[in-house]
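Visitor: Residue numbers (the numbering used here), protein chains in the order written: chain A, 1 to 373; chain B, 1001 to 1158; chain C, 2001 to 2327. Using N, Cα and C, we set each Cβ at its ideal position, and we do this for glycine too. All values derive from a computational prediction rather than experimental measurement. Mind having a look at this structure? Questions to follow.
Below, the structure is given as structure tokens:
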């Protein structure tokens, strides 16, 4: 692909750099724009500012030592990153996870999805210029992070889901506190509903921005809430269920228009569905072991496995290849959702004015740790 | 009047923010007030020198290689039940250093210790001005606050 | 005595008046920076500045000290003359309208009998320093910010002026004091609701407040036209913006809320000044409240609101006022 800066600019065009340090790129992402006045003609994302070589580091760490490093991929929704890794090891070693552990895992994953979508709501408002929503969104997120801190010991990076189950059992008082928090949350979400949906300015800024059709989205490899906002009801929790998702009853939220407002609606709907799922899981939480019997030093037999999960941002999958002899993975490849979504971003964001490019970028909700790994 | 209006029509966004002006602030005035930390928080390590057998499992388990032990062996004489005198090698820990500047507070060292000589406390205020002073030796690692009895119970069994 | 000479008397009165006015406005602006931060913080469920002095009241002094101590950076390829004169021009132009605003009967620096015309003419000069700053910084972001300001200011000057015509017609004079005296029985906001709405929106757009803060949209253009400024030059731009806000709310109070009049009560001069400033602060609180709530609009929406919605409404207002007055 030709670099934008090499194309000669016409008489009225200008190359503008939405640089690595910018208040509204979620992390260090550089967007090189070729604009004609206010209208953006070409976008080229330049990434790599946060590359830490996680896939190469995996070859020099044992399986358990690598688990805290998977947290650092999508650092905003860290529980979801441990899951495909743990599932990959369990597939290779054919470990049977006890039922209580599965329920605890699902509770943690759905709470994490809630927290991640709240962060999306907060930063989306901030990028549009409404700074109050930033504060309200983070206040709600704090309540959930308190729950997760009670269980795992960390507020942002947990390393809680281990191969075979979870690392510790739920502490005393967690179930009551969780139920109480989840009962209070919908009251605050009424505020958000009122704030966003009666706000003409907000609706006008999001309607019709970044329209994407379902076939284009599937061809470009986009997954997650963006795909569901275009009308394709694709959710790995229903299509390829892992853990105990097939025993839980929830809806897949889809919208038809495919613009930024639809993506926002999908995520708000998913927040309510997550509360529903956690309540169901808390109701039917069985007793038992929280972790299967796993050897202290993990040495999976030779083989390759690809385990897929539905992270809050899309499909997060890990391809694990082990050669049976060493204590380290032989090759680990991470398919991250933000990377694929960002690579498809220029296709539906070009041709619009600068303010809409920023609104679009906020609507696809990427995290740079996921993009650069 | 405001409450009734919001039941009839959608509360417009200006009334939402007006409602919030009169609520109590959610933030905490940090140095004077502090938040409560749950027990399982992974903060500064606690090292119990009397329980440590110098097996070096924590040093091997650390993903970032921040723990460093200096051990020395010495011989003692013991009597076997038969009455013979034998020499036995015992290990003694000279130095136990954790480089907190590199540590990511994952807790793998605590999980892997077979005797429970390492734990994690809820201490999080140990910033300093100099990198060298972040190497904590035996004297500085908090050993009076108990870390986790339940950590021992939840250890993965070998 | 030398003071008997009427020319010298007028000169001395003028100079003393100007000095008092500038200090009063500056005090107001300093207080307003603290007030805005506190109100926005309460909307956002947090405290706001409360460390510098009790309740953070010395925060503006701390800010001034900080800005004075900062290094003054001029970009290498910037146009030095234009770059340096922009903040000074901004401050000077912002202070010009304050000369004609009455704070109580008799407390006015120069009681022009074309007061409102003078204020409108001078406040449209406010775009020049913005363009100077935007162009002189040799930076694409600032250029975009400057261009957006031109578009916004031009689009909203016309509704701004047209909505005042109704008030002037009702009062029968262009003089500020006359307009206030004509509202002793009823405020014009009840007689001209349409004009009030148009003026309010145009005023927010002219002072570049959210939702119309495209020139300095923080999350899109880093800081708009004042990206490259640091230290005291930046402080000048900030002052100029707050002075515009003070002037605009004073105008709103004079034109539509009766200045210092409360119906059926006559007040002494001190009480009049207190009432006037109180009303001004209520208007400014509403502007700050709007800032804390609404997001920002795009340039396409801004121009279409200005030209396609506000101008027809203002013209309609003039027509209705004309019809009523001829009856």
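Contact check, residue 1065 of chain B vs residue 1078 of chain B under 8 Å by CB: the rounded distance?
Guide: Position 65 of the second chain holds residue 1065 of chain B. Position 78 of the second chain holds residue 1078 of chain B. Going by Cβ atoms, the distance from residue 1065 of chain B to residue 1078 of chain B rounds to 35 Å, so no, they are not a contact pair.
Visitor: Just to confirm, are residue 1971 of chain C and residue 2159 of chain C a CB contact at a threshold of 9 Å?
Guide: Chain C is shown only over 2001 to 2327; residue 1971 of chain C falls outside these bounds and no answer can be derived.
Visitor: Specify whether the region 86 to 106 of chain A and the region 242 to 254 of chain A touch according to this definition: at least 3 beta carbon pairs, one from each stretch, less than 8 Å apart.
Guide: Taking 8 Å as the limit for Cβ pairs, the verdict is that the region 242 to 254 of chain A does touch the region 86 to 106 of chain A.
Visitor: Pop quiz: residue 148 of chain A and residue 320 of chain A are said to be a contact at Cβ under 8 Å. What is the actual Cβ separation, rounded to whole angstroms?
Guide: The sequence position of residue 148 of chain A within the first chain is 148, counting from 1. The sequence position of residue 320 of chain A within the first chain is 320, counting from 1. No, residue 148 of chain A and residue 320 of chain A are not in contact; Cβ-Cβ is about 26 Å, not under 8 Å.
Visitor: Can you tell me which of the three DSSP states residue 2030 of chain C falls into?
Guide: Along the third chain, read from residue 1 onward, the residue named residue 2030 of chain C stands at position 30. Correct three-state label for residue 2030 of chain C: helix.
Visitor: DSSP three-state call for residue 2231 of chain C: helix, strand or coil?
Guide: Within the third chain, residue 2231 of chain C is the residue found at index 231, counting from 1. In this structure, residue 2231 of chain C counts as coil in the three-state DSSP scheme.
Visitor: So which residues on chain C does residue 1045 of chain B lean against when the C-beta distance must stay under 9 Å?
Guide: As a working mapping, residue 1045 of chain B is identified with position 45 in the second chain. By Cβ distance, chain C contributes nothing, its closest Cβ being about 34 Å from residue 1045 of chain B, past 9 Å.
Visitor: Based on DSSP bridge pairs, tell me the residues matched to residue 1096 of chain B.
Guide: Taking the second chain and counting its residues from 1, the one referred to as residue 1096 of chain B is at position 96. According to DSSP, which records beta bridges pairwise, residue 1096 of chain B is partnered with B:1069.
Visitor: Beta carbons nearer than 8 Å to chain B: which residues of the region 2293 to 2307 of chain C have them?
Guide: Cβ contacts with chain B come from 2293 and 2294.
Visitor: Among C:2069, C:2199 and C:2143, which one has its Cα closest to the Cα of residue 2227 of chain C?
Guide: Here residue 2227 of chain C corresponds to residue number 227 of the third chain, with the count starting at 1. Looking at the Cα atoms, C:2143 is the closest of the given residues.
Visitor: Establish whether the CB of residue 2270 of chain C and some CB of chain A are separated by less than 9 Å.
Guide: Numbered from its first residue, the third chain carries residue 2270 of chain C at position 270. Not one chain A Cβ lies under 9 Å of residue 2270 of chain C.
Visitor: Based on DSSP bridge pairs, tell me the residues matched to residue 2152 of chain C.
Guide: Within the third chain, numbered from 1, the residue matching residue 2152 of chain C stands at position 152. Note: residue 2152 of chain C sits in no beta bridge, so no partner.
Visitor: Thinking just about the alpha-carbon of each residue, which of A:330, A:100, A:282 and A:361 is nearest to the one in residue 177 of chain A?
Guide: Residue numbering aside, residue 177 of chain A sits at position 177 when the first chain is read from its first letter. Nearest option by C-alpha distance: A:282.
Visitor: Go ahead and label residue 2264 of chain C buried or exposed: buried means 16 or more other beta carbons lie within 10 angstroms of its beta carbon, across all protein chains shown.
Guide: Within the third chain, residue 2264 of chain C is the residue found at index 264, counting from 1. With fewer than 16 other Cβ atoms within 10 Å, it is exposed.
Visitor: Below 9 Å between beta carbons: does that hold for residue 2202 of chain C and residue 2137 of chain C?
Guide: As a first step, residue 2202 of chain C is located in the third chain; it is residue number 202 there, counting from the start. As a first step, residue 2137 of chain C is located in the third chain; it is residue number 137 there, counting from the start. Against a cut-off of 9 Å, the Cβ pair of residue 2137 of chain C and residue 2202 of chain C comes out as no contact.
Visitor: Applying the criterion that 16 or more other CB atoms from any shown protein chain within 10 Å of the CB defines a buried residue, is residue 1001 of chain B buried or exposed?
Guide: In the second chain, counting from the first residue as 1, residue 1001 of chain B sits at position 1. Note that residue 1001 of chain B scores a pLDDT of 29, beneath 50, so its modelled location is shaky; the value from the coordinates is reported in the next line. Burial call: exposed.
Visitor: Using a Cβ-Cβ cut-off of less than 7 Å, list which residues of the region 2028 to 2044 of chain C approach chain B; keep chain order.
Guide: Of all residues in the region 2028 to 2044 of chain C, 2042 and 2043 have a Cβ within less than 7 Å of some Cβ in chain B.
Visitor: Could you check which residue in A:230, A:352, A:83 and A:97 has the C-alpha nearest to that of residue 2299 of chain C?
Guide: As a first step, residue 2299 of chain C must be located in the third chain, where it is residue number 299. Checked all of A:230, A:352, A:83 and A:97; the closest Cα to residue 2299 of chain C is A:352.
Visitor: For residue 1145 of chain B, which three-state DSSP category applies?
Guide: Along the second chain, one-based indexing puts residue 1145 of chain B at 145. Unreliable placement is indicated for residue 1145 of chain B, whose pLDDT of 47 sits below 50; the coordinate value is still reported in the next sentence. Here residue 1145 of chain B sits in coil by DSSP.
Visitor: Please report the distance separating the alpha-carbon of residue 1044 of chain B from that of residue 1135 of chain B.
Guide: Translated into the one-based positions of the second chain, residue 1044 of chain B becomes position 44. Translated into the one-based positions of the second chain, residue 1135 of chain B becomes position 135. Approximately 12 Å between the Cα atoms of the pair.
Visitor: Measuring only between beta-carbons, confirm whether residue 2147 of chain C sits less than 9 Å from chain A.
Guide: As a working mapping, residue 2147 of chain C is identified with position 147 in the third chain. Output row for residue 2147 of chain C: interface = yes.
Visitor: In chain C, which residues lie less than 9 Å from residue 184 of chain A when you measure between Cβ atoms?
Guide: By one-based count along the first chain, residue 184 of chain A stands at place 184. Within 9 Å Cβ-Cβ: nothing; residue 184 of chain A doesn't reach chain C, min ~15 Å.
Visitor: Residue ranges of each beta strand (DSSP E) run of no fewer than 3 residues wholly in the region 1003 to 1050 of chain B, ordered along the chain?
Guide: Complete beta strand (DSSP E) runs here, min 3: 1045 to 1047.
Visitor: Along chain B, in chain order, which residues have C-beta atoms closer than 7 Å to that of residue 132 of chain A?
Guide: Stepping through the first chain from its first residue, residue 132 of chain A is reached at position 132. By Cβ distance, chain B contributes 1017.
Visitor: Rounded C-beta distance between residue 1947 of chain C and residue 2118 of chain C? I'm assuming under 8 Å.
Guide: The question about residue 1947 of chain C has no answer here: the residues shown for chain C are numbered 2001 through 2327.
Visitor: Distance, Cα to Cα, residue 104 of chain A vs residue 170 of chain A?
Guide: Translated into the one-based positions of the first chain, residue 104 of chain A becomes position 104. Translated into the one-based positions of the first chain, residue 170 of chain A becomes position 170. Rounded to whole angstroms, residue 104 of chain A to residue 170 of chain A spans 8 Å at the Cα level.
Visitor: Do residue 2149 of chain C and residue 2215 of chain C count as a contact pair if the criterion is CB distance below 9 Å?
Guide: In the third chain, residue 2215 of chain C corresponds to position 215, counting from 1. In the third chain, residue 2149 of chain C corresponds to position 149, counting from 1. A contact, by the Cβ cut-off of 9 Å.
Visitor: Could you tell me which uninterrupted alpha helix (DSSP H) segments, each at least 4 residues in length, are contained entirely in the region 280 to 360 of chain A, listed from first to last along the chain?
Guide: Here the runs fully enclosed are 337 to 349.
Visitor: For residue 2046 of chain C, which residues in chain A fall below 8 Å Cβ to Cβ?
Guide: Residue numbering aside, residue 2046 of chain C sits at position 46 when the third chain is read from its first letter. The contacting residues are 135.
Visitor: Beta-carbon of residue 64 of chain A versus every beta-carbon of chain B: anything under 9 Å?
Guide: Position 64 of the first chain, counted from the first residue, corresponds to residue 64 of chain A. Answer yes: the Cβ-Cβ gap between residue 64 of chain A and chain B drops below 9 Å somewhere.
Visitor: Please classify residue 1035 of chain B as buried or exposed, where buried requires at least 16 other C-beta atoms within 10 Å of its C-beta.
Guide: In the second chain, counting from the first residue as 1, residue 1035 of chain B sits at position 35. By the neighbour-count rule (16 or more Cβ atoms within 10 Å), residue 1035 of chain B is not buried but exposed.
Visitor: Would you say residue 1116 of chain B and residue 153 of chain A are within 9 Å of each other, going by their C-beta atoms?
Guide: The residue you call residue 1116 of chain B lines up with position 116 of the second chain. The residue you call residue 153 of chain A lines up with position 153 of the first chain. Result no, Cβ atoms of residue 1116 of chain B and residue 153 of chain A do not sit closer than 9 Å.
Visitor: By the 9 Å beta-carbon criterion, what residues does the region 1084 to 1114 of chain B contribute toward chain A?
Guide: Within the region 1084 to 1114 of chain B, the residues whose Cβ lies closer than 9 Å to some Cβ of chain A are 1104, 1105, 1106, 1107, 1108, 1111 and 1112, listed in chain order.
Visitor: Contact check, residue 2317 of chain C vs residue 2173 of chain C under 8 Å by CB: the rounded distance?
Guide: Indexing the third chain from 1 puts residue 2317 of chain C at position 317. Indexing the third chain from 1 puts residue 2173 of chain C at position 173. At roughly 19 Å, the Cβ-Cβ gap does not stay under 8 Å, so residue 2317 of chain C and residue 2173 of chain C are not in contact.
Visitor: Taking only the alpha-carbon atoms, compute the straight-line gap between residue 20 of chain A and residue 163 of chain A and give it to the nearest angstrom.
Guide: Within the first chain, residue 20 of chain A is the residue found at index 20, counting from 1. Within the first chain, residue 163 of chain A is the residue found at index 163, counting from 1. Each residue's Cα considered, the two are about 37 Å apart.
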